[in-house]
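Below is one structure, written out as structure tokens; comments come after it.
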Amino acid sequence: MAEFAAGFADRFTPGCAAGRYAPSPSGDLHLGNLRTALLAWAFARSTGRRFLIRIEDLDRVRPGAEQRQLDDLAAIGVDWDGPVVRQSERLPIYQSAIDGLVAAGLTYECYCTRREIQQAATAPHGPMSAYPGTCRGLDAVARARLRDAGRPAALRLRASTAEFDVDDDLYGHYRGPVDDVVLRRADGVPAYNLTVVVDDAAQGVDQVVRGDDLLPSTPRQAYLATLLGLPVPRYIHVPLVLDAQGRRLAKRDGAVTLTDRRALGDTPEDVIAVLAASLGYRAASSSELLAGFDARQLPHEPWILDVKRLLQRSRCP
Ligand code: GLU
25 MAEFAAGFAD RFTPGCAAGR YAPSPSGDLH LGNLRTALLA WAFARSTGRR FLIRIEDLDR
85 VRPGAEQRQL DDLAAIGVDW DGPVVRQSER LPIYQSAIDG LVAAGLTYEC YCTRREIQQA
145 ATAPHGPMSA YPGTCRGLDA VARARLRDAG RPAALRLRAS TAEFDVDDDL YGHYRGPVDD
205 VVLRRADGVP AYNLTVVVDD AAQGVDQVVR GDDLLPSTPR QAYLATLLGL PVPRYIHVPL
265 VLDAQGRRLA KRDGAVTLTD RRALGDTPED VIAVLAASLG YRAASSSELL AGFDARQLPH
325 EPWILDVKRL LQRSRCP
């Protein structure tokens, strides 16, 4: 494995340090997404890094969403370096990472359906967030039987640890589960946990700022990076935005996208001011925010956004 890992990693020319924002083009960005993007940008720019945009379009894609996301980022003053990268255009690099893991004997085929995994997860021995390893020990005969029965196979990592440690600049030390993570989905598409690791390394991303809903996946990703001989980036997981009911901000909250806000008469500057205020700053542009940006002052708690109150504010003369 060490030989493969070195060979795979050597194919990446180390670029300048970079941060990134990596949206999935499944819909419009809401205020929480825009806030995370603004933070990722401010972290990168305030530390002299390049800032990259990567469109993670291997999952749900809504037509037109990518362009609207890019337009919204530009409207709030988030600029980026180089061309926008799309995962759908990078399949060979993911395949070569998968090939190396297969050749190193670090993978196995998994025929479990989603329902079977869910059932195992709610088995009497208690909740389990990790894949229980049902297909880990299948022999060639059992695999052939499942294949002949028309079951599509995902490819999983044969992990040799159950936990891995990461350091997060905001959260601190975090130890979390590592399971036999899916590398290639049953539909043949490379899986998120693999692509994110390969892309961050290939793009020279050494600073990952994203929502803290992804913190639990981070040990898996850092472990996978290590297996592939790739550097583990610095992580900064920022608290999510919650609605007045304490739920993750979502479309149902209404008037949460830039288009919604504009329709209510807000300018992009008004929106930046709201986002900046949630971070403890007075700023009406991304450059004003950047000028005073101090990562040590960031709130560690979720931002509770009362959209109804924001609406009332918009209606004031
Ligand atoms: N594409 C993921 C999302 O939109 C983010 C992945 C990441 O930042 O690592 O939720």
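Quick note, the sequence shown lines up with residues 25 to 341 if you use my numbering. Yeah, the Cβ is synthetic: ideal placement off N, Cα and C, and Gly gets one too. Here the structure is a predicted model, which is why all the values come from computation and not from measurement.
Query                                                                                                                                                        : Result
I'd like the ranges of any alpha helix (DSSP H) spanning at least 4 consecutive residues and lying wholly in the region 102–130.                             : 115–127
Can you give me the start and stop residues for the beta strand (DSSP E) that Ile-77 sits inside?                                                            : 74–79
Determine whether the beta carbon atoms of Arg-175 and Tyr-132 lie at a separation below 8 Å.                                                                : no
Identify which residue in Thr-185, Val-205, Ile-79, Pro-240 has its Cα closest to the Cα of Ile-17.                                                          : As displayed, the chain neither begins before 25 nor continues past 341, which places residue 17 out of reach and without an answer.
Out of curiosity, what's the CA-to-CA distance linking Arg-110 and Val-232?                                                                                  : 17 Å
Give a yes or no on whether the C-beta atoms belonging to His-261 and Asp-191 are separated by under 8 Å.                                                    : no
If you draw a straight line from the C-alpha of Phe-75 to the C-alpha of Glu-187, how long is it?                                                            : 31 Å
Using C-beta distances below 7 Å, list every residue in its chain close to Ala-308, excluding the 5 sequence neighbours before and after it, in chain order. : Glu-293, Ile-296, Ala-297
Short check: CB of Ala-30 to CB of Arg-78, under 8 Å?                                                                                                        : no
Counting along the chain, where does the beta strand (DSSP E) carrying Gln-227 start and finish?                                                             : Unbroken run through Gln-227: none, as it is neither H nor E.
Using three-state DSSP, classify Arg-209 as helix, strand or coil.                                                                                           : coil
Buried or exposed, going by whether 16 or more other CB atoms sit within 10 Å of the CB of Pro-49?                                                           : buried
Quick check on the burial criterion: 16 or more other C-beta atoms within 10 angstroms. Buried or exposed for Arg-199?                                       : exposed
Pop quiz: Ser-310 and Gly-72 are said to be a contact at Cβ under 8 Å. What is the actual Cβ separation, rounded to whole angstroms?                         : Their Cβ separation, rounded to whole angstroms, is 16 Å, which puts Ser-310 and Gly-72 out of contact at 8 Å.
Relative to the ligand GLU, is the shortest distance from any of its heavy atoms to the C-beta of Pro-257 smaller than 7 Å?                                  : no
Can you check which of these residues, Asp-52, Tyr-118, Asp-103, is closest to Leu-218 by C-alpha distance?                                                  : Tyr-118
Which residues neighbour the ligand GLU when neighbourhood means a C-beta less than 6 Å away from any of its non-hydrogen atoms? List them by chain order.   : Ala-46, Pro-47, Ser-48, Glu-80, Val-220, Arg-234, Leu-238
Check each candidate in Thr-37, Leu-53, Phe-28 and name the one with the smallest Cα separation from Lys-275.                                                : Leu-53
Hey, how far is the Cα of Trp-65 from the Cα of Ala-128?                                                                                                     : 37 Å
Going by Cα to Cα distance, which pick from Ala-177, Val-222, Glu-27, Asp-203 is closest to Cys-136?                                                         : Ala-177
For the alpha helix (DSSP H) containing Asp-294, list its first residue and its last residue.                                                                : 292–302
Does DSSP put Thr-281 in a helix, in a strand, or in coil?                                                                                                   : strand
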